[in-house]
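Read the structure below first, then the notes.
Residue numbers (the working numbering): 337 to 646.
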C-alpha cells in the first residue's frame, strides 16, 4: 500500500433463500427461530474476514428488504445504509447493497428494469458510490445475480448472455461518463470461461490477462477477473493425499449443500482498467479471499477483497 493510502473491505454473499417464514413453500426458514439462526450464521460468515466487518456488502437472494436490514444490523448495528432492488412479489428475491455510511454515499442507481417484467427479479443492480473521505472519488459497483442453470445450461445461457450484454452496454454507454472505475461482483451463475464473458455479440469481456484490460484501445468493456487464479486446485495432488490434509481454501465458490455436484466458480469479482491502474482507487488483488459459509447457512461462499484509496 502506498503512502497516504487507506483501505476498505468489500464482500459479497448469496444468502440462499433468505425468505420470511412461510412465504415461499419449501424454500426458506421454517420457523422464526431458524430464520434468526440463519441471519446469525450469514453475519458470522461475513464477519470471518480477518479484516474486520466489510465496509460494503453485496447480497444476493434476499427475500425482503427488512431481512437484509436485519442481517446488516446483526453484523454491526447502525453502521450500514442499504439499497434494495427487490420487487413487490414476495416469492422473488432481490439484490441488496449495504454500505458504511461514513465511508461512502450513493449518487446514482441503475438496473435491468427495461428488459425484465415488473414481477421478475433483478439480474444486475448498479450503484454509483462516492467516497466521503480522501479524494472523494466516484466508482460504480454492479451487483449481479444472473439466471441459474436450472433447466439446462443450453436453455438458460441466453439469459446470462443478455445480462452480460446489458452490463457491458451500461458501462460503455452510461457509467463511464461519470467514472471509469467499475467493480462487478456477485453470483454470475457461470464459470470464468463461460460463453457470456466472451461471445462476440456481447460487449462485456471478462479476461484472466491483465495486459488485455490495460491496452490503450479497447472498444469493448474489458474487465480483469482475478477469480481465474482461484480456479484450479491449490496444492499438488501428492500433498492432498497426506493424512490430515485440509485445503487452504474452498475449491470453488458454490457447492450444493447436499454435495451431489462438485464445486464451481460461480461467484466472481471483476474490475475495469481504472481499478487496476489506481490513482484514487485500486483493487488489492492479493487480498481476495473465499470464505466458506458458517454452519452451512448457504450453498455459496462469501468473497472478500480490499481496495485502497487516496
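All C-beta atoms in this analysis are idealised placements derived from N, C-alpha and C, irrespective of residue type, glycine included.
Next item on the list: Go through the region 526 to 612 residue by residue and report every complete run of the beta strand (DSSP E) that reaches 3 residues or more, in order.
Entry: 540 to 543, 557 to 560, 603 to 607
Check: Using the C-alpha atoms, what's the distance from residue 563 back to residue 514?
Finding: Sequence index remark: in the chain shown, residue 514 carries index 178 (1-based). Sequence index remark: in the chain shown, residue 563 carries index 227 (1-based). Approximately 27 Å, taken between the alpha carbons.
Item checked: Three-way DSSP call (helix, strand, coil) for residue 344 in this model -> Within the chain shown, the letter at position 8 stands for residue 344. Strand.
Item checked: Through-space distance from residue 628 to residue 487, alpha-carbon basis -> The residue given as residue 487 occupies position 151 in the chain shown. The residue given as residue 628 occupies position 292 in the chain shown. If you take the alpha carbons of residue 487 and residue 628, they lie about 27 Å apart.
Check: Taking C-alpha atoms, which residue in 536, 620, 509 lies nearest to residue 342?
Finding: On the chain shown, residue 342 is found 6 positions in, with the first residue counted as 1. With distances taken between Cα atoms, residue 342 lies closest to 620.
Next item on the list: Classify residue 495 as helix, strand or coil using the three-state DSSP reduction.
Entry: Position 159 of the chain shown holds residue 495. Looking at residue 495 - three-state DSSP - the assignment turns out to be helix.
Next item on the list: Taking 7 Å as the cut-off, decide whether the C-beta atoms of residue 560 and residue 607 are in contact.
Entry: Mapped onto the chain shown, residue 560 falls at position 224. Mapped onto the chain shown, residue 607 falls at position 271. Cβ atoms of residue 560 and residue 607: closer than 7 Å.
Next item on the list: Measuring only between beta-carbons, confirm whether residue 487 sits less than 7 Å from chain C.
Entry: The chain labelled as chain C is not found in the depicted structure, where only one protein chain is given.
Checklist line | Residues that residue 464 bridges to, as DSSP identifies them | finding: In the chain shown, residue 464 corresponds to position 128, counting from 1. Residue 464 pairs with 444, 476.
Check: So, residue 626 versus residue 585, is the Cβ gap smaller than 7 Å?
Finding: Counting from 1 along the chain shown, the entry for residue 626 is found at position 290. Counting from 1 along the chain shown, the entry for residue 585 is found at position 249. In this structure, residue 585 lies closer than 7 Å to residue 626 by Cβ.
Notebook entry, point to check: Any idea which residues DSSP pairs residue 420 with across the strands?
Noted result: Against the chain shown, residue 420 aligns to sequence position 84. Paired residues: 432.
Margin query: Tell me which residue opens and which closes the alpha helix (DSSP H) that residue 369 is part of.
Written below: The residue labelled residue 369 in the question sits at position 33 within the chain shown. Note, residue 369: alpha helix (DSSP H), 368 to 383.
Next item on the list: Go through its chain and collect everything with a Cβ distance to residue 600's Cβ below 8 Å, but skip five positions before and after it.
Entry: Residue 600 sits at position 264 when you count from the first residue of the chain shown. Around residue 600: 527, 588, 589, 590, 591.
Next item on the list: Please classify residue 513: does DSSP put it in a helix, a strand, or coil?
Entry: Against the chain shown, residue 513 aligns to sequence position 177. Looking at residue 513 - three-state DSSP - the assignment turns out to be helix.
Note to self: Rounding to the nearest angstrom, what Cα-Cα distance links residue 459 and residue 369 in this structure?
What the structure shows: Position 123 of the chain shown holds residue 459. Position 33 of the chain shown holds residue 369. C-alpha separation (whole angstroms): 30 Å.
Check: Where does residue 362 sit, in a helix, a strand or coil, going by DSSP?
Finding: In the chain shown, counting from the first residue as 1, residue 362 sits at position 26. Here residue 362 sits in coil by DSSP.
Margin query: Could you give the first and the last residue of the continuous beta strand (DSSP E) run that contains residue 646?
Written below: Walking along the chain shown from the start, residue 646 turns up at place 310. Careful: residue 646 lies outside any beta strand (DSSP E) and carries neither H nor E.
Next item on the list: Could you pull the start and end residues of the beta strand (DSSP E) that residue 394 belongs to?
Entry: Residue 394 sits at position 58 when you count from the first residue of the chain shown. That run of the beta strand (DSSP E) goes 392 to 398.
Next item on the list: Round the Cβ separation of residue 603 and residue 348 to the nearest angstrom and send it over; I've been treating them as touching at under 8 Å.
Entry: As a first step, residue 603 is located in the chain shown; it is residue number 267 there, counting from the start. As a first step, residue 348 is located in the chain shown; it is residue number 12 there, counting from the start. At roughly 6 Å, the Cβ-Cβ gap stays under 8 Å, so residue 603 and residue 348 are in contact.
Next item on the list: Spatial neighbours of residue 447 within its chain, please: CB distance less than 7 Å, with the 5 preceding and 5 following residues excluded, ordered by chain position.
Entry: Along the chain shown, read from residue 1 onward, the residue named residue 447 stands at position 111. For residue 447, where only same-chain residues beyond five positions count, the Cβ hits under 7 Å are 421, 458, 460, 461, 462.
Check: Taking the C-alpha atoms as reference points, what is the distance between residue 469 and residue 452?
Finding: For the purposes of this step, residue 469 is taken as residue 133 along the chain shown, with counting starting at 1. For the purposes of this step, residue 452 is taken as residue 116 along the chain shown, with counting starting at 1. For residue 469 and residue 452, the distance between alpha carbons rounds to 36 Å.
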